[in-house]
Amino acid sequence: MSQTTAIRGPFLTFRADPFETDPMEAILHESDGLILIREGRIVTAGSWDDLHHQVPSSTAVTHYPDKLISAGMVDTHVHYPQLPIIASYGEQLLEWLEQYVFPAEARFGDLTYARAVARTFLKELLRVGTTTAAVYCTVHPQSVEAFFEESERLNTCMIAGKVLMDRNAPDNLRDTAQSGYDQSAALIERWHGRGRQLYAVTPRFAPTSTPEQLDLAGALLASHDDLFMQTHLLENHSENAWVRELFPDRASYLDVYDKAGLLRPRSILAHAVHAQEADFQRCHDTGCTIAHCPGSNQFLGSGSFPLFRALDPKRRVRTGIGSDIGAGPALSLLQVLSDAYKVAQGLGTKLHPAQGLWLATAGGAQALGLQDRIGTIAPGFHADLCVFDPAATPLGKIRNQTAESLSDVLFALTMLGDDRSIAATYVAGQRLHTRD
Ligand code: GUN
Ligand code: ZN
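Residues 98 to 533, numbered by my numbering, are exactly what the sequence shown covers, in order.
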């Protein structure tokens, strides 16, 4: 019989969507729970009292009595090659790309370097409790190879792709419409659906692709109906004006992607800070996803994404949250949730902690079309878990002692939490990070 892993402790997961119901009613909270795992998947999850007789006598139980176990978190937008230039001073988007990002990305033609950064990046992701992410590599196919190799070694479920960029970028970072297509097709063939690895066709953003390249990206998507697509949209005013100049015959920035056949479920548009009603409607109609990146938007001075407008029940847009490293200054989605709360407050709206945690787990999985396998603690789901420690720091401890309810504990966790709040992270049932 295959080996069983048994984890005991308080756990929480979502049984409903907290944007559609009372947020705390959406949570299933087991104050003394048991999660049994076999072959990387959850086979049973429920109360210890009801289920402990199912633990095989040969199985040791790992107990987290004063922690809070959750599904691993899902980052819907992040650039691994930008890890080394995180927290670079002073610029807004276009100048920041020129000054910091392009020189950093130029180094990824070197496979050895790419492997080293991919390894550090994935280790950091697990340290902050993130078990799945939609990740940009660079224009170099080696950068994708390095990333998937490392993710495969860890058995993490990752979505990644080679950046397509055939204009308005330095010589050493440009492909051509045809070479970008050919290299992407070869990487799709090699990696999409291999183990837990998934491919995203990745045109960086409209200004760095010719219409021919965008059309070929659309052709790649048309070749497999479960491929992902990721790009940037409506992040910054200068960028938006540039897109209007470059594509004068398109009705809007979003229309550039739409006409190329890039909008459909599993297409992830990062930022959309300056989206208008027509954009949200079109995202809703096509089923694509917006990655809300509040830390990055504040860091680059891009503006405030109106999360609750995107989620308007009349034409709700699938939405996840993203750290957007290196424009985002924190990889921890707890820190991103703290930013999301403050941005929502600034717009006169309230992001409930259950809604925030849903966006970071089950909602993120749904935004990526992976809700059948990750983001929830229930039988059949992959055992990707993170173990929160709400009292990880002296401040967390004091605040936790005064917490009056689970909702209060969760709110303080999302406001004060960071890498220290992650006691352990499991990937397909294997503990790959332990804080202490
Ligand atoms: N727009 C185009 N490329 C990028 C990038 O690397 N980061 C961010 N934040 N926006 C972009
Ligand atoms: Zn980005």
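Positions of the beta carbon are idealized from the N, C-alpha and C atoms, including for glycine.
Item	Value
Whole-angstrom distance between isoleucine 422 and methionine 262, CA atom to CA atom	19 Å
Coarse secondary structure for glutamate 127, derived from DSSP in three states	strand
Cβ shell of asparagine 252 (< 8 Å), same chain only, five flanking positions each side left out	Gly137, Gly292, Arg293, Val524, Ala525 and Gln527
For alanine 96, the first and last residue of its enclosing beta strand (DSSP E)	One cannot answer for residue 96 here, as it falls past the ends of the chain, which runs 98 to 533.
Near the ligand GUN: arginine 301 beta-carbon under 7 Å from a heavy atom	yes
Close beta carbons around proline 403, own chain, < 7 Å, minus the five adjacent residues each side	Leu444
Endpoints, the alpha helix (DSSP H) within which alanine 407 is located	404-407
N- and C-terminal bounds of the beta strand (DSSP E) containing methionine 255	254-258
Simplified DSSP assignment, three categories, for histidine 329	strand
Residues bridged to histidine 530 (per DSSP)	Thr522
contact_flag[the region 229-240, the region 203-215] where n(CB pairs < 8 Å) is 3 or more	yes
Cα-Cα separation between isoleucine 182 and cysteine 234, rounded to whole angstroms	14 Å
Distance between glycine 514 and isoleucine 256 (C-alpha atoms, nearest Å)	25 Å
Presumed contact (8 Å Cβ cut-off) between leucine 359 and leucine 318, rounded CB distance	7 Å
Start-to-end residues for the beta strand (DSSP E) that takes in glutamine 294	294-300
Cβ contact check for the region 484-496 and the region 154-169: 3 or more pairs under 8 Å	yes
Identity of the residue in Trp193, Ile139, Glu374 and Leu125 nearest leucine 408 by Cα	Glu374
Rounded distance between the beta-carbons of threonine 446 and phenylalanine 405, thought under 8 Å	4 Å
Which of helix, strand or coil DSSP assigns to threonine 499	helix
N-terminal and C-terminal residue of the beta strand (DSSP E) that threonine 473 is part of	Here threonine 473 belongs to no beta strand (DSSP E), and DSSP marks it neither H nor E.
Histidine 334 versus glutamate 188: straight-line alpha-carbon distance, rounded	14 Å
Beta-carbon gap between isoleucine 418 and threonine 173 smaller than 8 Å	yes
Separation of histidine 176 from alanine 520, as counted between CA atoms	25 Å
Reduced DSSP category for tyrosine 161 - H, G, I as helix; E, B as strand; rest coil	coil
For cysteine 483, the three-state DSSP class (helix, strand or coil)	strand
Alanine 462 Cβ short of 7 Å to the ligand ZN heavy atom set	no
Reference histidine 449; option with closest CA among Leu109, Pro120 and Arg112	Pro120
Cut-off 6 Å between Cβ atoms - residues of its own chain near glycine 226, not counting five sequence neighbours on either side	Met170, Cys483, Ile519 and Thr522
Which of helix, strand or coil DSSP assigns to valine 152	coil
Boundaries of the alpha helix (DSSP H) in which phenylalanine 396 is found, first to last residue	391-396
For proline 391 and tyrosine 296, the rounded distance between their alpha carbons	25 Å
Residues that leucine 366 bridges to, as DSSP identifies them	Thr328 and Ile387
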